[in-house]
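Novice:
Residue numbers (our numbering): 9 to 503.
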């Protein structure tokens, strides 16, 4: 009798099976059949292929040796049940596979049922005692019903273990949450106490912050005056020039007025003389007009008055520029201002620093009013203009350009000076960094300018090439965020 006939004879006759519903779907139970006899595979498949457990079908995976089963487990780690023969390529190949699953793979979830054709009471006890298997069945005692029952029970056990495994993290999480909640209650109590202490400190900080703001405003005004003081001689020179020629013109006008009055008095005398005949009455007047060059006097008086008016207008412009530049107020406020006006007033203040070394070229675009503290931005413009002039050793070009892009405006100040070395570029805005000789710069100008622009929510970009010059571009938002006024008052100082 063949092996297949012997195995088939082991199954007792059974009643007709109930109809099996064809279940379609992706979920199923993976069951691995491990036996070196193809007939055994055929018989097991005949019994199990139509089986449904908990509404899910079985997917049967065939392996004909323990080695092949190991490879199959690598591809199918979610296998739920292994029906395993003991004697295959070696006498204990099945037991070797059990050790591989339990010890090397450390998998105790997979259910393992040994199906052996070698009965023996002692062998069964030894296997159950020394190997982590879940059931031991003799092929000679196995009927279709028993196989069905065995598989069904093991798959239900696998399902229960899976559910238990899922619950463990939840239970641990619940325990951790309880512990965390207790810890949180402790921390809440501590933080409430800390909050009370913090509230007291906040009140102190509010008072200190108010004092700091007052000190900052005072410092800002001092720095503005100090900046103007650094340029005072140049400003004085700019005022002295027009005042000087206005004073000279007034002296000349005084002489011209006296000469004109002499001619007028001669006219008056001639008119009052009723004795002489009419033709000779104005002889003296005509002589005076010729000797005093009346025609020249009339032209020169107009010219002198025009020049004097222009000189006084220059003085008034310089004084107004100084007022606009400093704009000394009790409290600096954010307002919409004309950036071009700030540039022009700053140019007037620093003009004496520029005019002997630079040809100033302007290229102003139409700009919207910018929300800013203009006197602070004037500090930035002054620092950049003076630095540009100092970068030009003999004679060069200083360009001032403005533009608008999106919701930002920009002011660009470029020079044809010596340029900045690449190793110094990263340090330009560091406090006290300067490339000027000792005593000629504090190293604070660009640092404070950077701070002013940053507090205006803007930025400064620098492009410089040695021997060709430098370009500084200041970007500013047209409108400040709502909290801009509460961020503090920028400060500035020329370098």
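Note that the Cβ used here is the ideal one computed from N, Cα and C, for glycine as well.
1) Using a Cβ-Cβ cut-off of 8 angstroms, state whether residue 361 counts as contacting chain B.
2) Given a cut-off of 8 angstroms, decide if residue 488 and residue 416 are closer than it, judged by their beta-carbon atoms.
3) Please list, in chain order, all residues of the same chain as residue 428 whose beta carbon is under 6 angstroms from its beta carbon, the five residues on each side excluded.
4) Return the first residue and the last residue of the alpha helix (DSSP H) that residue 147 is part of.
5) Considering only residues of the same chain and omitting the five flanking positions on each side of residue 38, which have a CB-CB separation below 7 angstroms?
6) Does DSSP put residue 205 in a helix, a strand or coil?
7) With three or more beta-carbon pairs closer than 8 angstroms as the criterion, would you say the stretch 459 to 467 touches the stretch 393 to 400?
8) Between which two residues does the beta strand (DSSP E) containing residue 474 stretch?
9) List the residues that DSSP assigns as beta-bridge partners of residue 407.
10) Quick check on residue 80: does DSSP put it in helix, strand or coil?
11) Measuring straight from C-alpha to C-alpha, what distance separates residue 457 and residue 216?
12) If we count the other Cβ atoms within 10 Å of its Cβ and call it buried at 16 or more, is residue 277 buried or exposed?
13) Does the beta-carbon distance from residue 71 to residue 40 come in below 8 angstroms?
14) Identify every residue that forms a DSSP beta bridge with residue 38.
15) Quick check: the Cα distance between residue 162 and residue 119, rounded to an integer number of angstroms?
16) Excluding sequence positions up to five away, which residues of its chain have a Cβ less than 8 angstroms from the Cβ of residue 293?
17) Whole angstroms is fine: what's the gap from residue 422's alpha carbon to residue 250's?
18) Helix, strand or coil: how does DSSP classify residue 120 here?
19) Quick one: what's got a C-beta closer than 8 angstroms to residue 142's C-beta in the same chain, skipping five residues either side?
20) Under DSSP, the alpha helix (DSSP H) around residue 48 begins and ends at which residues?
21) Using CA coordinates, which residue listed in 326, 387, 377 is at the minimum distance from residue 357?
22) Out of 485, 424, 115, which has the shortest C-alpha to C-alpha gap to residue 344?
23) Rank 196, 381, 219, 140 by C-alpha distance to the C-alpha of residue 111 and give the top, closest one.
24) Look up residue 485 in the DSSP assignment and say whether it is helix, strand or coil.
25) Can you tell me whether residue 113 is helix, strand or coil according to DSSP?
26) Give a yes or no on whether the C-beta atoms belonging to residue 361 and residue 321 are separated by under 8 angstroms.
27) Kindly indicate which three-state DSSP category residue 469 falls into: helix, strand or coil?
28) I'd like the span of the alpha helix (DSSP H) that includes residue 95, first residue to last.
29) Using the Cα positions of residue 490 and residue 483, report the straight-line distance between them to the nearest angstrom.
30) For the candidate residues 201, 459, 46, whose alpha-carbon lies nearest to that of residue 387?
31) Over what stretch of residues does the alpha helix (DSSP H) that includes residue 461 continue unbroken?
32) May I have a chain-ordered list of the alpha helix (DSSP H) segments no shorter than 4 residues that lie completely inside the stretch 246 to 303?
Specialist: Looking at the atomic coordinates:
1) Structure shown: chain B not included; a single protein chain is present.
2) Within the chain shown, numbered from 1, the residue matching residue 416 stands at position 408. Within the chain shown, numbered from 1, the residue matching residue 488 stands at position 480. The answer is no: Cβ separation not under 8 angstroms.
3) If you number the chain shown from 1, residue 428 lands on position 420. Here the set comprises 472, 478.
4) Along the chain shown, read from residue 1 onward, the residue named residue 147 stands at position 139. Boundaries for residue 147: no alpha helix (DSSP H) harbours it, and the DSSP string shows neither H nor E there.
5) Counted from its first residue, the chain shown places residue 38 at position 30. Closer than 7 angstroms at the Cβ level, and outside the excluded window around residue 38, lie 67, 69, 84, 86, 87, 88.
6) To locate residue 205, count along the chain shown from 1; it is residue 197. Residue 205: helix per DSSP, three-state reduction.
7) no
8) Within the chain shown, the letter at position 466 stands for residue 474. Taken as a continuous stretch (DSSP letters only), residue 474 belongs to no beta strand (DSSP E), as it is neither H nor E.
9) Position 399 of the chain shown holds residue 407. According to DSSP, which records beta bridges pairwise, residue 407 is partnered with 369, 422.
10) If you number the chain shown from 1, residue 80 lands on position 72. Here residue 80 sits in helix by DSSP.
11) Stepping through the chain shown from its first residue, residue 457 is reached at position 449. Stepping through the chain shown from its first residue, residue 216 is reached at position 208. When only Cα atoms are considered, residue 457 and residue 216 end up about 25 angstroms apart.
12) Position 269 of the chain shown, counted from the first residue, corresponds to residue 277. Looking at its Cβ environment, which holds fewer than 16 other Cβ atoms inside 10 Å, residue 277 is exposed.
13) On the chain shown, position 63 is the one that residue 71 refers to. On the chain shown, position 32 is the one that residue 40 refers to. The Cβ atoms of residue 71 and residue 40 lie closer than 8 angstroms to each other.
14) Within the chain shown, the letter at position 30 stands for residue 38. Residue 38 pairs with 67.
15) The residue given as residue 162 occupies position 154 in the chain shown. The residue given as residue 119 occupies position 111 in the chain shown. So the two alpha carbons sit approximately 6 angstroms from each other.
16) Numbered from its first residue, the chain shown carries residue 293 at position 285. Closer than 8 angstroms at Cβ, skipping near neighbours: 271, 274, 275, 278.
17) In the chain shown, residue 422 corresponds to position 414, counting from 1. In the chain shown, residue 250 corresponds to position 242, counting from 1. Distance between the alpha carbons of residue 422 and residue 250: 30 angstroms.
18) For the purposes of this step, residue 120 is taken as residue 112 along the chain shown, with counting starting at 1. If DSSP states are grouped into helix, strand and coil, residue 120 belongs with the strands.
19) For the purposes of this step, residue 142 is taken as the residue at position 134 of the chain shown. Around residue 142: 119, 120, 121, 162, 165.
20) On the chain shown, residue 48 is found 40 positions in, with the first residue counted as 1. Note, residue 48: alpha helix (DSSP H), 46 to 56.
21) Here the question's residue 357 lines up with position 349 in the chain shown. Measuring from the Cα of residue 357, the nearest candidate turns out to be 326.
22) In the chain shown, counting from the first residue as 1, residue 344 sits at position 336. Of the listed residues, the one whose Cα sits closest to residue 344 is 485.
23) Your numbering for residue 111 matches position 103 in the chain shown. The shortest Cα separation from residue 111 among 196, 381, 219, 140 belongs to 140.
24) Residue 485 sits at position 477 when you count from the first residue of the chain shown. Strand.
25) Here residue 113 is taken as the residue at index 105 of the chain shown, counted from 1. Of the three classes helix, strand and coil, the one that applies to residue 113 here is coil, per DSSP.
26) Position 353 of the chain shown holds residue 361. Position 313 of the chain shown holds residue 321. Result no, Cβ atoms of residue 361 and residue 321 do not sit closer than 8 angstroms.
27) Residue mapping note: residue 469 aligns to position 461 of the chain shown, counting from 1. Three-state DSSP puts residue 469 in a strand.
28) Counting from 1 along the chain shown, the entry for residue 95 is found at position 87. Looking at the DSSP string, residue 95 is not in any alpha helix (DSSP H), and its letter there is neither H nor E.
29) Against the chain shown, residue 490 aligns to sequence position 482. Against the chain shown, residue 483 aligns to sequence position 475. Residue 490 and residue 483: Cα-Cα distance of roughly 19 angstroms.
30) Your numbering for residue 387 matches position 379 in the chain shown. Comparing Cα-Cα distances from residue 387 to each of 201, 459, 46, the minimum goes to 459.
31) Residue numbering aside, residue 461 sits at position 453 when the chain shown is read from its first letter. From DSSP, the alpha helix (DSSP H) with residue 461 extends over 453 to 463.
32) 286 to 289, 291 to 300
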